[in-house]
Amino acid sequence: DGGITQSPKYLFRKEGQNVTLSCEQNLNHDAMYWYRQDPGQGLRLIYYSQIVNDFQKGDIAEGYSVSREKKESFPLTVTSAQKNPTAFYLCASRAGRTNTGELFFGEGSRLTVL
Amino acid sequence: DQQVKQNSPSLSVQEGRISILNCDYTNSMFDYFLWYKKYPAEGPTFLISISSIKDKNEDGRFTVFLNKSAKHLSLHIVPSQPGDSAVYFCAASSRRKTGANNLFFGTGTRLTVIP
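Top line first, the protein sequences correspond to chains A and B. So for the first sequence, my numbering puts the first residue at 1; every next one is plus one. So for the second sequence, my numbering puts the first residue at 1001; every next one is plus one.
Put into structure tokens, the structure is as follows:
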């Protein structure tokens, strides 16, 4: 089945540690996105990528990094510089490179910093 | 500044009745609107969309209405079912903004359908 797979679903991290969240899609979509969801704040865009080897900062990119070495994969690293990393992280993809059509979301990864 | 607003954080409706979820936006450049449904610990799933050239789009029990002059859209669910209980996000984008790749999301409305 085509879809977006995020892993791990739950992750615990100690303060000061970097952690990488995986996102893989087999939908052959060009664009991929990372969002963060916090209670009462909706979904906020962290980074997005329209094409392999290219990515752009979203609204809340500080403390995060990404790579797009393959079309199918868009991992997100939450660095120790992110001051409030505990959140629910959502990866998404879209078929075209332009701003049309709906996003397809993964099931999310919940990161908790201890 | 929140460009898409869902002012009701929660809504409770009796099974079989109509659910009306509201969404307001401030950016007049927005010309494409979507509703997503989200269950706990899962990713949002696309529900229905509407282009600004229309004022209504219907898909089964779900209808979205767009009032461009008021910068307001609403999602109607008729009849409401317990399985509709979820958080509903409104989202908006501007297809005229080339190179942009972002949907602006509202903060969500939690719908509870009471059996």
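Just so it is clear, CB atoms sit at the ideal spot from N, CA and C, and this is done for glycine as well.
Are there three or more Cβ pairs, one per stretch, closer than 8 Å when the segment 19-39 of chain A is compared with the segment 1013-1025 of chain B?
no
7 Å Cβ cutoff met for residue 107 of chain A and residue 1060 of chain B
no
May I have the straight-line CA-CA distance separating residue 57 of chain A from residue 67 of chain A, to the nearest angstrom?
12 Å
Just the Cα atoms here: how many angstroms apart are residue 3 of chain A and residue 1039 of chain B?
17 Å
Taking 6 Å as the cut-off, is the CB of residue 15 of chain A close to at least one heavy atom of the ligand COA?
Of ligands this structure carries none, so the ligand COA is not represented either.
Let me check one thing: in DSSP terms, what residues is residue 52 of chain A bridge-paired to?
None; residue 52 of chain A has no bridge partner.
Check the DSSP bridge columns for residue 47 of chain A and list the partner residues they point to.
A:34, A:57
Might you give, ordered along the chain, the residues of its own chain that have their beta carbon closer than 6 Å to the beta carbon of residue 1075 of chain B, omitting 5 neighbours on each side?
1021, 1035, 1064
Close-in-space but distant-in-sequence residues of the same chain around residue 83 of chain A (CB under 6 Å, 5 per side omitted)
none
Decide if residue 1107 of chain B is buried, meaning its Cβ has at least 16 other Cβ atoms within 10 Å, or exposed.
buried
If we count the other Cβ atoms within 10 Å of its Cβ and call it buried at 16 or more, is residue 1006 of chain B buried or exposed?
buried
Quick one: what does DSSP say residue 965 of chain B is sitting in, helix, strand or coil?
Since the first residue of chain B shown is 1001 and the last is 1115, residue 965 of chain B is not available in this structure.
Mind pulling the chain A residues with CB within less than 8 Å of residue 1049 of chain B?
102
If you compare alpha carbons, which of A:81, A:62, A:92, A:74 is closest to residue 54 of chain A?
A:74
Verify whether the separation of the beta carbon atoms of residue 36 of chain A and residue 92 of chain A is less than 7 Å.
no
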